[in-house]
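First residue of the sequence shown? That's 1346 in the numbering used here, and the numbers climb one at a time after it.
What follows is a single structure, written as C-alpha coordinates, with notes after it.
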Amino acid sequence: MNQIQIKGATLEVLNLPSMNGIEDENLRRLINNLVIELYKYQAESERKRIKERQAQGIEIAKKKGKFKGRQPKFKENDPRLQHAFDLFLNGCSDKEVEEQTGINRRTFRRYRSRYNVTVDQRKKQ
1346 MNQIQIKGAT
1356 LEVLNLPSMN
1366 GIEDENLRRL
1376 INNLVIELYK
1386 YQAESERKRI
1396 KERQAQGIEI
1406 AKKKGKFKGR
1416 QPKFKENDPR
1426 LQHAFDLFLN
1436 GCSDKEVEEQ
1446 TGINRRTFRR
1456 YRSRYNVTVD
1466 QRKKQ
(Lines of atoms letter the chains of each structure in order from A and count residues from 1; the text may use other names and numbers.)
(Lines give C-alpha, C1' and ligand atoms only; values in the text may rest on other atoms or scores of the structure.)
Protein backbone atom coordinates (compact mmCIF):
# COMPACT_ATOMS: atom_id res chain seq x y z
CA MET A 1 0.00 0.00 0.00
CA ASN A 2 2.82 2.36 0.86
CA GLN A 3 4.45 1.76 -2.53
CA ILE A 4 1.23 2.80 -4.25
CA GLN A 5 1.12 6.03 -2.23
CA ILE A 6 4.80 6.83 -2.79
CA LYS A 7 4.35 6.58 -6.56
CA GLY A 8 1.36 8.91 -6.38
CA ALA A 9 -1.04 6.31 -7.72
CA THR A 10 -4.48 5.83 -6.28
CA LEU A 11 -6.20 2.63 -5.31
CA GLU A 12 -9.93 2.31 -5.74
CA VAL A 13 -11.46 -0.67 -4.01
CA LEU A 14 -14.84 -1.53 -5.45
CA ASN A 15 -16.50 -2.42 -2.16
CA LEU A 16 -15.28 0.77 -0.44
CA PRO A 17 -17.16 4.05 -0.71
CA SER A 18 -15.80 6.44 -3.32
CA MET A 19 -13.90 9.44 -2.00
CA ASN A 20 -14.11 11.38 -5.28
CA GLY A 21 -16.64 13.84 -3.85
CA ILE A 22 -14.13 15.19 -1.34
CA GLU A 23 -12.37 18.21 -2.86
CA ASP A 24 -9.43 18.47 -0.45
CA GLU A 25 -6.77 16.01 -1.64
CA ASN A 26 -5.17 15.63 1.80
CA LEU A 27 -8.50 14.98 3.51
CA ARG A 28 -9.46 12.42 0.85
CA ARG A 29 -6.11 10.65 1.26
CA LEU A 30 -6.48 10.69 5.06
CA ILE A 31 -9.99 9.20 5.00
CA ASN A 32 -9.02 6.65 2.37
CA ASN A 33 -5.98 5.54 4.41
CA LEU A 34 -8.11 5.32 7.55
CA VAL A 35 -10.71 3.13 5.84
CA ILE A 36 -8.02 0.87 4.37
CA GLU A 37 -6.27 0.54 7.75
CA LEU A 38 -9.60 -0.44 9.33
CA TYR A 39 -10.15 -3.10 6.68
CA LYS A 40 -6.59 -4.40 7.16
CA TYR A 41 -7.11 -4.61 10.92
CA GLN A 42 -10.42 -6.39 10.45
CA ALA A 43 -8.88 -8.91 8.03
CA GLU A 44 -5.90 -9.59 10.33
CA SER A 45 -8.20 -10.05 13.33
CA GLU A 46 -10.43 -12.44 11.41
CA ARG A 47 -7.40 -14.48 10.31
CA LYS A 48 -6.21 -14.75 13.92
CA ARG A 49 -9.68 -15.88 15.05
CA ILE A 50 -9.80 -18.50 12.29
CA LYS A 51 -6.37 -19.86 13.27
CA GLU A 52 -7.37 -19.98 16.96
CA ARG A 53 -10.61 -21.83 16.18
CA GLN A 54 -8.74 -24.23 13.92
CA ALA A 55 -6.17 -24.94 16.65
CA GLN A 56 -8.99 -25.53 19.15
CA GLY A 57 -10.71 -27.91 16.75
CA ILE A 58 -7.51 -29.84 16.13
CA GLU A 59 -6.86 -30.10 19.88
CA ILE A 60 -10.38 -31.46 20.49
CA ALA A 61 -10.00 -33.93 17.62
CA LYS A 62 -6.63 -35.09 19.00
CA LYS A 63 -8.18 -35.71 22.41
CA LYS A 64 -10.87 -37.80 20.74
CA GLY A 65 -8.23 -39.64 18.73
CA LYS A 66 -9.65 -38.49 15.40
CA PHE A 67 -6.82 -36.20 14.28
CA LYS A 68 -3.65 -37.86 13.18
CA GLY A 69 -2.13 -35.16 11.01
CA ARG A 70 -0.88 -35.57 7.49
CA GLN A 71 -0.16 -39.10 6.37
CA PRO A 72 3.50 -39.77 5.52
CA LYS A 73 4.24 -39.92 1.82
CA PHE A 74 6.23 -43.15 2.16
CA LYS A 75 6.01 -46.03 4.61
CA GLU A 76 9.25 -47.69 5.73
CA ASN A 77 8.68 -50.72 3.49
CA ASP A 78 7.69 -48.66 0.42
CA PRO A 79 9.65 -50.06 -2.56
CA ARG A 80 10.38 -46.57 -3.93
CA LEU A 81 11.88 -45.48 -0.63
CA GLN A 82 13.83 -48.73 -0.30
CA HIS A 83 15.19 -48.23 -3.83
CA ALA A 84 16.25 -44.70 -2.89
CA PHE A 85 17.97 -46.01 0.25
CA ASP A 86 19.75 -48.68 -1.82
CA LEU A 87 20.99 -46.06 -4.28
CA PHE A 88 22.24 -43.91 -1.43
CA LEU A 89 23.93 -46.81 0.36
CA ASN A 90 25.63 -47.77 -2.92
CA GLY A 91 27.28 -44.35 -3.14
CA CYS A 92 24.78 -42.03 -4.83
CA SER A 93 24.46 -38.51 -3.46
CA ASP A 94 21.14 -37.10 -2.30
CA LYS A 95 20.95 -35.13 -5.56
CA GLU A 96 21.55 -38.25 -7.67
CA VAL A 97 18.91 -40.13 -5.67
CA GLU A 98 16.49 -37.27 -6.34
CA GLU A 99 17.24 -37.32 -10.07
CA GLN A 100 16.82 -41.10 -10.34
CA THR A 101 13.78 -41.58 -8.10
CA GLY A 102 11.95 -38.25 -8.19
CA ILE A 103 11.92 -38.09 -4.38
CA ASN A 104 12.66 -34.53 -3.32
CA ARG A 105 16.10 -34.14 -1.75
CA ARG A 106 14.78 -32.60 1.47
CA THR A 107 12.11 -35.29 1.75
CA PHE A 108 14.73 -37.98 1.22
CA ARG A 109 16.99 -36.49 3.89
CA ARG A 110 14.06 -36.39 6.30
CA TYR A 111 13.34 -40.09 5.69
CA ARG A 112 17.04 -40.94 5.98
CA SER A 113 17.07 -39.25 9.37
CA ARG A 114 13.82 -40.92 10.44
CA TYR A 115 15.06 -44.41 9.55
CA ASN A 116 18.71 -43.80 10.54
CA VAL A 117 20.19 -44.33 7.09
CA THR A 118 23.56 -42.58 7.35
CA VAL A 119 26.64 -42.01 5.24
CA ASP A 120 28.56 -44.28 7.63
CA GLN A 121 26.45 -47.24 6.46
CA ARG A 122 27.54 -46.89 2.83
CA LYS A 123 29.32 -49.80 1.22
CA LYS A 124 33.03 -49.31 0.68
CA GLN A 125 33.79 -49.17 -3.04
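All C-beta atoms, glycine included, are put in the ideal place defined by N, C-alpha and C.
- Across the structure, Lys1407 and Ala1400 are spaced so that their CA atoms are roughly 10 Å apart.
- The alpha-carbon separation between Pro1424 and Thr1446 amounts to approximately 11 Å.
- Residues Thr1446 of the same chain have their beta carbon placed closer than 8 Å to that of His1428, with the five preceding and five following residues left out of the count.
- For Tyr1460, the closest of Lys1420, Ile1351, Glu1397, Lys1411 by C-alpha to C-alpha distance is Lys1420.
- Rounded to whole angstroms, Gly1353 and Val1442 show a C-alpha spacing of 52 Å.
- Residue state for Lys1385 is assigned as helix, using DSSP reduced to three classes.
- In this chain, the alpha helix (DSSP H) harbouring Val1442 covers 1439–1446.
- The three-state reading of DSSP puts Arg1467 in coil, since its state is none of H, G, I, E or B.
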